[in-house]
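Residue numbers (our numbering), protein chains in the order written: chain A, 1 to 92; chain U, 101 to 192; chain X, 201 to 292; chain G, 301 to 392; chain V, 401 to 492; chain Z, 501 to 592; chain D, 601 to 692; chain E, 701 to 792; chain S, 801 to 892; chain B, 901 to 992. A virtual CB, placed ideally from N, CA and C, is assigned to each residue, including glycine.
Spelled out as structure tokens, the structure:
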């Protein structure tokens, strides 16, 4: 079950820089594990922004929420979720 | 070079239904050819809408414009284009 | 799997009134069947609008799309879909 | 009398974390009491957000306001209220 | 129970002028009856617009919906409804 | 001369709570005086928000501005002003 | 008493061109009379749009509404009204 | 004097196709003359849209308005105008 | 050459009050000088807001930018600039 | 390959002024180098704003992202990116 998620990171200018660096490093690690597990099949950087376009492949909406809300930078994220389904013209 | 394109189809209620059906059939054919050529690697239906989320892989912005503006339903499309690049946490 | 759907009906003023009445009657029938099947557990009228707030209970996003796009008034609907999950404070 | 309420929680990043945890615990307790009393018949988590979709069943608008403004996290909430009525196609 | 309703009338330019004049005349009559019954205690014209600011006093949301959806110009109205309650600083 | 004013109060979370309580108490007193003088004939609480819908009756726009900008909570207000006139269907 | 009015003219593409030309000619005449009477002291064209920025000087909101709603192109206008008062730094 | 103009062309689906083709041909010719005269120094197609980003170099706002409102497709254009000046970091 | 400028002043609640008062006093002085020089021919307070509607008369866009960016409260201003030209129906 | 970028700088009022001045000086230097390299062919100040309209000429989207995200004021920028292509009516 696929969900398209647009993730924008908004760091307040007076947040502690080291905390953010640590959270970002954890975020990368967690994102890579989820990719290896096949839960996060697509992840692209949006040019010119601290934002990404992602597609998640999950078994339920609860699993989607569990994954997103456990991301280290979640408190700084603005998320837009779009449920996807197979397109009649898609060849795969 | 990847571009994320959100494509919403808006058919005016008084458009000729047969013309739209014919254009739609052509659209499917053209979308499949572009997928086979590797130009349109991702195509998903947005649930509950006559809309899709697509990723195009092109050599230039001119090629992107040529592909999009030649789509049979282009006159009825509202398009949002987002340039993508590699994400530092992506494993592929 | 629950999806919250806000459905707004927009009928163009020059649409054929009898066609709309027929589609509306079919819509009611279909909505009632889906309720009996447990697919459409909540359906409320939004006061002062030709709109409703609905919750659908489906097995997949594809099923959600199939249900919505088969509604007789679908071509006149503007839909907003929100995936729902269990709330930690919910008692049921 | 039913009101649909979309509740978004916005915690400023420099708010005291323990205060927020305490308010959240109180919020859960209060939400559960209101559910047991039948005042808050539906409560769903919105996937990927610190937000919920709720339906309140109250005797008056004043009661609705009293309930909402007494919630512990009320100062951090953005609320959207939509009055609901029976839908002609609803089977219950 | 008071509801604040902002009513904007949008007449398509190609609507039949006599139909609109007749509906408008009926609308005035119905608005006056509802005022005499105490159901529509406040009705002001918004300067420079075919719009009004209204306050309705009803026994239920269903009654509010019944009143609004029976207005002759309802198909041409864009409505915004805001539930009101007593203000702690109001002297009446 | 009537002006409809939608007043939303936005208190920053790190404002001094006692200062706000004092300003609020002054605000209530000033609102009541203006009601007794007939300058603020309608004042309703918007359900679920720290906001109100008001109607002011003033002799000039300058008087309206003087009244609003002298309110103790004015620095925290977002105001939307709509000039009103008599509605042709109003019975009073 | 001054009101700032932003007037945007939206002519549907299938409106009768001669009717619009006639209404426009009447509009010019009426605008000039109102300027000679001192009711419409400022009138500027917005560059690149069929729109103008105007200031009206009227005795009441009812007079403002009467003037605007009697303009020949009123049915095609989108209007934004802003009440003005004397600025403390203005030298006149 | 430079003005940045974003020009979006919106052709109603029931406009006469030959008229539009003729206006478009005239538009191209006029755009090229204005480029040769140095009045329209930059003109780019926005990818995926019937829209362009332009910079005009004119002697006055009146000249800008005269040029834009004389474009054959002007009645179908939505325009956004931004006045530009020299940037302190620009090397030319 | 006339530019319409809507100026909204947004003072953060934790800005130093005396600094703001001093900047405001300087702002008044500078605004009056610019009015005496004929550069700022119109300046009105927007009722109920710390905002004004202004018309500037300048020789170039660079002069407009120089004037605006030198205003003492410029760092707290949100500005909307609209180029104006002579209206065909204006009598002056 | 051309990208149109609208760059708005938003400096929080409590940011350290000297840090901002230093970053701004670095920004100017970097902007000038990129212009000399032909990567940033157009750079204009938007009148009345701390904002600019820019056109970048890059070999890939990754290069665009690398350039933008390395700008010293990047953390304070809101960016809007629009891919450009050759316009059929452009003479160059």
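Under a criterion of Cβ atoms nearer than 8 Å, the residues of chain X adjacent to residue 113(U) are, in order, 212, 215, 275 and 276.
Fewer than three Cβ pairs drawn from the stretch 654-665 of chain D and the stretch 422-431 of chain V lie within less than 8 Å of each other, which leaves the two stretches out of contact. The C-beta of residue 571(Z) has 16 or more other C-beta atoms within 10 Å across all chains shown, which makes the residue buried. Here the C-alpha atom of residue 241(X) lies approximately 6 Å from the C-alpha atom of residue 235(X). Cβ-Cβ distances below 8 Å link residue 811(S) to 820, 850 and 876 in the same chain, with the five nearest sequence neighbours on each side left out; the list follows chain order.
The straight-line gap separating the alpha-carbon atoms of residue 208(X) and residue 279(X) is approximately 7 Å. In the DSSP assignment, residue 978(B) forms a beta bridge with 908(B). Under the 9 Å criterion on CB atoms, residue 484(V) is classed as interfacial with respect to chain G. Inclusion of residue 782(E) and residue 905(B) in the CB contact set at 9 Å is not warranted, their separation being larger than that value. Each of 737(E), 716(E), 785(E) and 724(E) was checked against the Cα of residue 989(B), and the nearest Cα belongs to 724(E).
When C-alpha distances from residue 503(Z) are compared across 513(Z), 514(Z), 515(Z) and 564(Z), the shortest belongs to 564(Z). DSSP lists 485(V) and 552(Z) as the bridge partner or partners of residue 545(Z). Between the alpha carbons of residue 84(A) and residue 39(A) lies a distance of about 15 Å.
Cβ-Cβ distances below 8 Å link residue 560(Z) to 501 in the same chain, with the five nearest sequence neighbours on each side left out; the list follows chain order. With 16 or more other Cβ atoms from the protein chains shown falling within 10 Å of its own Cβ, residue 867(S) counts as buried.
The beta-carbon of residue 68(A) is placed less than 9 Å from the nearest beta-carbon of chain G. For residue 29(A), the uninterrupted alpha helix (DSSP H) segment begins and ends at 17-36. Note on geometry: alpha-carbon atoms of residue 791(E) and residue 22(A) lie some 40 Å from one another. A direct Cα-to-Cα measurement between residue 643(D) and residue 573(Z) gives close to 36 Å.
Collapsing the DSSP output to three states places residue 402(V) in a strand.
In this structure, the alpha-carbon of residue 215(X) lies about 23 Å from that of residue 148(U). Linking residue 387(G) to residue 886(S) through their CA atoms gives a straight-line distance of about 55 Å. Here residue 814(S) is not bridged, per DSSP, to any residue.
DSSP, reduced to helix, strand and coil, places residue 159(U) outside both helices and strands of the structure shown, so it counts as coil.
DSSP places residue 191(U) in the coil class of the three-state scheme, outside both helix and strand. Judged by DSSP in its simplified three-state form, residue 866(S) adopts helix. Taking CB atoms only, residue 23(A) has no neighbour in chain G less than 9 Å away.
For the pair residue 26(A) and residue 69(A), the Cα-to-Cα distance works out to about 14 Å.
Residues of the same chain with a CB within less than 7 Å of the CB of residue 317(G), apart from the 5 flanking positions on each side, do not exist.
Not flagged as an interface residue toward chain E: residue 856(S), since no C-beta distance is shorter than 9 Å.
Rounded to whole angstroms, residue 37(A) and residue 62(A) show a C-alpha spacing of 17 Å.
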